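What follows is a set of notes on a single structure, which appears directly below.
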Amino acid sequence: MKQFAERMGTLGLIACGVIAVVVLGALFAPLIAPYDPTIGSVTQRYQGMSFEHLFGTDQAGRDIFSRLLWGARSSLTGPLIVVAVTAVFGTLIALTAVWWGGIVDSFLSRVLDLLFAFPNLLLAMLAIAVFGPSLTTAALALSVAYIPYSARVVRSMAMRERNLPYIRSPELQGIPGIVITARHLLPNVAPLIVTGATINFGFAMIELAALSFLGLGVQPPAADWGLMVSSGQQSLLNGYPAESVLAGLSIVITVAAFGYVGERLGGRAAAGRKA
Amino acid sequence: MTFILRRLAALIGVLIASSFLVFSAMYAAPGSPENFLVQGRTVSPEVLEAIRAQYSLDDPFLVRFWNWLTNVLHGDFGRSLANQQDVGDLLAARLPTTLMLVTLAALIIIVLGVGLGILAGTRGGIVDKIILLGSNLGFAVPTFFAALILMSIFSVGLGWFPVFGSGDGFIDRVWHLTLPAFALALPSSAVVARITRTSIREERDSEHSVMARARGVAERLVMRRHVIRNSMLPVSTIVGVHIAGLIAGSFVVEYAFTLDGIGTLLVHAVQRKDFAVVQAIAIVLVAAFGIINLLVDLFYASIDPRVKVETNR
Amino acid sequence: MLNIDNLSLTIGPDLQILREVSLAVAAGEAVGLVGESGSGKSMTLRSILHIEPEGSQVTGTITFDGVDVRSLSGEALRRMRANDVSMIAQNPHAVLNPVLPVERYLIEGMHDAQGQPTKTAKLRAGELLEQVGIDAVDRVLRSYPHQLSGGMLQRVVIAGAIAGRPRLMLADEPTTALDVTTQAEVMAILDECRHELGMAMLFVTHDLDLAAAVCDRIAVMKDGEIVEIGLPVQLRDNPQHPYTRALMESRPAGLAWTPEGGPTS
Chain A
0 MKQFAERMGT LGLIACGVIA VVVLGALFAP LIAPYDPTIG SVTQRYQGMS FEHLFGTDQA
60 GRDIFSRLLW GARSSLTGPL IVVAVTAVFG TLIALTAVWW GGIVDSFLSR VLDLLFAFPN
120 LLLAMLAIAV FGPSLTTAAL ALSVAYIPYS ARVVRSMAMR ERNLPYIRSP ELQGIPGIVI
180 TARHLLPNVA PLIVTGATIN FGFAMIELAA LSFLGLGVQP PAADWGLMVS SGQQSLLNGY
240 PAESVLAGLS IVITVAAFGY VGERLGGRAA AGRKA
Chain B
0 MTFILRRLAA LIGVLIASSF LVFSAMYAAP GSPENFLVQG RTVSPEVLEA IRAQYSLDDP
60 FLVRFWNWLT NVLHGDFGRS LANQQDVGDL LAARLPTTLM LVTLAALIII VLGVGLGILA
120 GTRGGIVDKI ILLGSNLGFA VPTFFAALIL MSIFSVGLGW FPVFGSGDGF IDRVWHLTLP
180 AFALALPSSA VVARITRTSI REERDSEHSV MARARGVAER LVMRRHVIRN SMLPVSTIVG
240 VHIAGLIAGS FVVEYAFTLD GIGTLLVHAV QRKDFAVVQA IAIVLVAAFG IINLLVDLFY
300 ASIDPRVKVE TNR
Chain C
0 MLNIDNLSLT IGPDLQILRE VSLAVAAGEA VGLVGESGSG KSMTLRSILH IEPEGSQVTG
60 TITFDGVDVR SLSGEALRRM RANDVSMIAQ NPHAVLNPVL PVERYLIEGM HDAQGQPTKT
120 AKLRAGELLE QVGIDAVDRV LRSYPHQLSG GMLQRVVIAG AIAGRPRLML ADEPTTALDV
180 TTQAEVMAIL DECRHELGMA MLFVTHDLDL AAAVCDRIAV MKDGEIVEIG LPVQLRDNPQ
240 HPYTRALMES RPAGLAWTPE GGPTS
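Residue numbers (numbering that gives the first Met the number 0), protein chains in the order written: chain A, 0 to 274; chain B, 0 to 312; chain C, 0 to 264.
Laid out in structure tokens, this is it:
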């Protein structure tokens with residue numbers, strides 16, 4: 000614990016705090032949120048900040064604070080799906096490629112190269128074109144786009160370990176590959192996977208929010224930060240900035256926090272991104 | 000030279016494979032195209048028959064793919080299901096806006112991102128701290144949010160720039176596309192600035208820079224010839240990756256500013272399941288993405304003598 | 000000519016690298032600085048040229064021809080580095096900028112640092128390479144560092160180091176990173192150039208035999224301190240400090256060396 004604190008530094012601990020607040024807010028949204036996030040009243044449109052409405056209300060008279068809290072749920076679950084699916088499949092593909100090597104490795108590499116040829120958002124939009132807009136489709140499609148990044152890093156790390164004596168000798172003793180992989184290779188690449196997931200969480204949040212902004216992710220009237228930036232656009236230009244700005248800032252702060260923590264854990268290289 | 004040919008061959012392979020992928024995905028999509036065409040109206044089986052014949056919907060899958068691919072190679076991307084327009088014409092009409100937006104954003108990344116990174120890396124102190132903080136926050140700003148904020152401050156608030164639209168003529172276009180380009184370039188510039196700074200820091204203490212100082216070479220020259228020059232090697236790759244990434248980012252910014260570029264066209268086509276348009280744009284974008292990445296690698300090989308282009312990959 | 004007096008160097012709050020090092024090098028004299036890695040030999044050399052790592056605190060004085068080197072800055076420091084004192088570092092592949100051809104390295108030293116006209120520098124670059132025993136001068140000049148072997152590149156560095164006819168040469172393990180086969184050659188060239196130009200040399204090495212072969216006096220360094228200074232023969236026959244004795248005994252047996260006469264075996 001102390002080691003972790005040292006690694007994070009002051010800013011890193013603040014970032015962890017931010018993440019904790021957001022996660023708790025999302026978990027306990029039904030308890031904390033004073034209003035229903037989807038129901039507003041026409042008489043309550045564009046209220047300013049007050050005790051009744053902490054951050055005011057939007058153009059439909061819905062409480063912005065409540066919407067932010069509920070919005071944290073979809074804004075967090077989306078990226079969570081992405082990094083979980085990415086980590087599982089990326090690792091699976093990488094370890095399969097490394098263990099079998101040869102033809103399996105080169106075939107899997109080709110498939111990953113093919114996925115690399117698509118910009119992330121394009122791949123997601125193609126999937127949405129086929130299966131229709133929803134958070135699940137967007138998140139799963141984005142996972143597919145992220146898998147090559149994760150697989151590439153895990154593969155190169157596992158490749159280095161593959162020929163070390165502690166892997167080789169049980170292999171010569173005839174212990175099955177899947178056992179060695181699970182017992183020895185996996186624990187060694189695990190920290191890398193966690194760091195990669197932390198960094199990718201931020202990227203996924205931005206890209207999913209972008210899809211929601213384009214009307215291809217979370218669908219109204221549900222509360223979602225990306226969607227709120229979009230639905231508050233007209234109000235913003237008419238001089239009521241609260242909805243868009245607060246939702247946008249929530250994204251910025253959360254992504255920056257995840258980015259900083261990931262950076263402290265080991266950096267972008269672990270996410271398989273050159274940048 | 001063989002390196003370039005090999006990379007081109009690989010690119011063509013990837014293009015064919017991804018065309019196949021895209022085409023089969025659209026083919027397998029739930030909901031049939033003729034239902035889309037008749038838009039929920041009840042029509043007689045004869046009319047449906049005619050529509051299916053018109054769009055060759057009854058041919059076997061591979062035949063349709065082959066016809067589509069050969070047509071694309073002849074520059075014929077088919078017709079939009081939504082408004083019957085020729086997809087090639089649609090693309091051609093939308094391309095200039097997107098190209099210009101991406102070019103402007105690329106320039107901003109190079110000038111602002113690399114420039115601020117060099118400033119932070121060489122100056123240190125408070126300048127460094129401010130730029131570092133800015134880049135830590137900047138990379139987290141979604142382009143669409145940056146778009147809205149810039150729009151509300153500089154277009155609506157101050158009235159310096161137009162709110163929507165792409166403009167006509169070169170100067171007017173640049174004027175219309177300035178804010179979108181800044182919004183698009185912001186996160187990338189932040190990342191590029193930070194990486195440039197790190198790279199400068201590393202090169203500043205590199206043995207060849209230190210020894211150049213020890214030989215009596217003036218600091219200004221050491222900076223220019225050893226530190227900045229060499230730190231640009233890794234930076235150029237990063238800049239390239241980010242410029243290629245602008246292609247996808249441009250969809251969002253175009254949509255936010257309602258620019259009539261490829262991105263807006265794609266978003267609308269996806270919303271309306273206009274597969275002919277989606278397919279065409281996907282292929283064009285994958286090609287552009289691949290070509291930019293190839294150019295970046297070639298550029299890198301040309302500035303770093305250690306990269307032997309013949310043996311690379 | 001060179002006088003180091005009570006030189007101490009600390010990095011950060013409490014990492015002491017050098018403790019009160021005092022050492023003198025007379026004009027034309029070769030002094031060996033021997034010790035194991037991490038003993039502070041290189042840092043002593045680097046402090047002379049003001050290229051110790053950032054964040055080091057240095058106390059004590061270093062004078063060159065009576066001028067306090069540590070107080071020099073700007074143009075005066077630059078001139079001293081360019082004209083009076085040269086340095087040869089351990090790994091030539093790190094010393095040359097990897098993206099510039101060898102010719103640019105030599106011209107940089109002569110033109111940009113010493114102020115010779117580019118034309119002269121270009122002409123002299125070839126001559127200098129011949130002087131350090133390189134035959135394929137044109138090919139080497141056009142090569143990039145990664146295309147040359149360490150031995151070849153270290154000759155280039157030596158050529159660059161003697162270009163300004165400095166009076167003091169600082170050599171930091173100049174052959175350690177090289178192939179065993181080229182070590183003796185490069186050392187011989189360095190020794191020859193030194194004698195030809197009458198340069199003084201401060202020679203850092205972990206190899207007591209090598210130091211004995213090329214140096215007039217030897218200083219033994221341990222944990223940032225100089226524990227013993229003496230003539231090579233004195234160190235061999237009558238080592239005073241236990242550490243020197245240990246160094247003498249750890250040498251491979253059967254190797255003999257003569258104080259005056261270059262490396263023999």
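Where a beta carbon is used, it is the ideal one built from N, C-alpha and C, also for glycine. Since we're looking at a predicted model, the values are computed, not measured.
Cβ closer than 8 Å: which chain A residues qualify as neighbours of serine 17 (chain B)?
Leu113, Ala116, Phe117, listed in chain order.
Please return the same chain residues whose Cβ sits closer than 7 Å to the Cβ of valine 22 (chain B), not counting the five positions on each side in sequence.
Note that residue 22 (chain B) is phenylalanine in the sequence shown here, rather than valine. Excluding positions up to five away in sequence, the list reads Phe64, Trp67, Gln278.
Short of 9 Å Cβ to Cβ, which residues in the stretch 176-206 of chain B face chain A?
Pro186, Ser187, Val190, Val191, Ile194
At the 7 Å Cβ level, is leucine 68 (chain B) part of the contact set with chain A, yes or no?
no
Between alanine 81 (chain C) and chain B, is the shortest Cβ-Cβ distance under 7 Å, so that the two count as touching?
yes
Can you grab the Cα-Cα spacing for the pair histidine 73 (chain B) / alanine 138 (chain A), in whole Å?
Taking the straight line joining both Cα atoms gives about 36 Å.
So, is alanine 245 (chain C) buried or exposed, given that buried needs 16 or more other C-beta atoms within 10 angstroms?
Classification for alanine 245 (chain C): exposed.
Would serine 43 (chain B) be called buried (16 or more neighbouring beta carbons within 10 Å of its own) or exposed?
exposed
Closer than 7 Å to chain B by CB, methionine 124 (chain A):
The beta carbon of methionine 124 (chain A) falls within 7 Å of a beta carbon belonging to chain B, placing the residue at that interface.
Between the stretch 205-216 of chain B and the stretch 118-133 of chain B, can you find at least three pairs of beta-carbon atoms closer than 8 Å?
no
Are valine 238 (chain B) and phenylalanine 250 (chain B) close, meaning C-beta to C-beta below 7 Å?
no
Span of the alpha helix (DSSP H) holding glutamate 227 (chain C)?
First-last for glutamate 227 (chain C): 224-229, but that is the beta strand (DSSP E), not the alpha helix (DSSP H).
Can you name the residues of chain A whose CB is closer than 8 Å to the CB of serine 151 (chain B)?
Leu235, Leu236, Pro240
Taking 7 Å as the threshold (beta carbon to beta carbon), is leucine 91 (chain A) in contact with chain B?
no
Inter-residue spacing [alpha-carbon to alpha-carbon] between valine 203 (chain C) and alanine 212 (chain C)
13 Å
Could you check the C-alpha separation between valine 140 (chain B) and alanine 88 (chain C) for me, to the nearest Å?
46 Å
Classify asparagine 96 (chain C) as helix, strand or coil using the three-state DSSP reduction.
The three-state secondary structure of asparagine 96 (chain C), taken from DSSP, is coil.
For a cutoff of 7 Å on Cβ pairs, would you count leucine 344 (chain B) as touching chain A?
Outside the displayed span of chain B (0 to 312) sits residue 344 (chain B), for which this structure offers no information.
Just to confirm before moving on: does the CB-CB distance between arginine 154 (chain A) and valine 97 (chain A) stay below 7 Å?
Arginine 154 (chain A) is a Cβ neighbour of valine 97 (chain A), given a cutoff of 7 Å.
Hey, out of C:Ala160, C:Thr117, C:Pro173, C:Tyr104, whose CA is closest to serine 142 (chain C)'s CA?
C:Tyr104
Closer than 7 Å between beta carbons: that is the criterion. Which residues of the stretch 141-153 of chain C meet it against chain B?
Tyr143, His145
Short CB-CB distance (under 7 Å) between glutamine 232 (chain A) and chain B:
yes
Sub-7 Å separation of leucine 14 (chain C) and glycine 39 (chain C) beta-carbons:
no
Along the alpha helix (DSSP H) that carries aspartate 74 (chain B), what are the first and last residues, could you check?
Per the sequence shown, the amino acid found at residue 74 (chain B) is glycine instead of aspartate. Note, glycine 74 (chain B): premise wrong, no alpha helix (DSSP H); not H, not E.
DSSP beta-bridge partners for methionine 157 (chain B)?
In the sequence under discussion, the amino acid at residue 157 (chain B) is leucine, which differs from the methionine named in the question. According to DSSP, leucine 157 (chain B) bridges with nothing at all.
Report the neighbours of threonine 259 (chain A) on chain B: residues whose CB is nearer than 7 Å to its CB, in chain order.
Here residue 259 (chain A) turns out to be tyrosine, not threonine, going by the sequence shown. Neighbours of tyrosine 259 (chain A) on chain B, chain order: Asn135.
In chain order, what are the residue ranges of uninterrupted beta strand (DSSP E) at least 3 long that sit wholly in the stretch 7-40 of chain C?
14-24, 29-33
Nearest candidate by alpha-carbon position, reference proline 304 (chain B), set C:Thr9, C:Glu227, C:Val98
C:Val98
Taking only beta-carbon positions, decide if arginine 122 (chain B) is within less than 7 Å of chain C.
no
Taking its Cβ as the centre, do 16 or more other Cβ atoms sit within 10 Å of leucine 7 (chain B), making it buried, or is it exposed?
Within a 10 Å sphere around the beta-carbon of leucine 7 (chain B) sit fewer than 16 other beta-carbons, which makes this residue exposed.
Do the stretch 214-224 of chain B and the stretch 135-152 of chain B touch if we need at least three Cβ pairs shorter than 8 Å?
Taking 8 Å as the limit for Cβ pairs, the verdict is that the stretch 135-152 of chain B does not touch the stretch 214-224 of chain B.
Taking valine 13 (chain B) as the query, report the chain A residues whose CB atoms sit under 8 Å from its CB, ordered along the chain.
In chain order, Asp112, Leu113, Ala116 make up the part of chain A whose C-beta sits under 8 Å from the C-beta of valine 13 (chain B).
Residues in the stretch 236-263 of chain B with C-beta within 8 Å of chain A's C-beta atoms, listed in sequence order?
For the stretch 236-263 of chain B, the set of residues with a beta-carbon nearer than 8 Å to any beta-carbon of chain A comprises Thr236, Ile237, Val240, His241, Ala243, Gly244, Ile246, Ala247, Gly248, Phe250, Val251, Tyr254, Ala255, in chain order.
Distance between methionine 158 (chain A) and leucine 107 (chain A) (C-alpha atoms, nearest Å):
14 Å
From A:Ile192, A:Ser133, A:Gly258, residue whose alpha carbon lies closest to that of phenylalanine 212 (chain A)
A:Ser133
Under 7 Å Cβ-Cβ, which residues of chain A neighbour lysine 272 (chain B)?
Ala128
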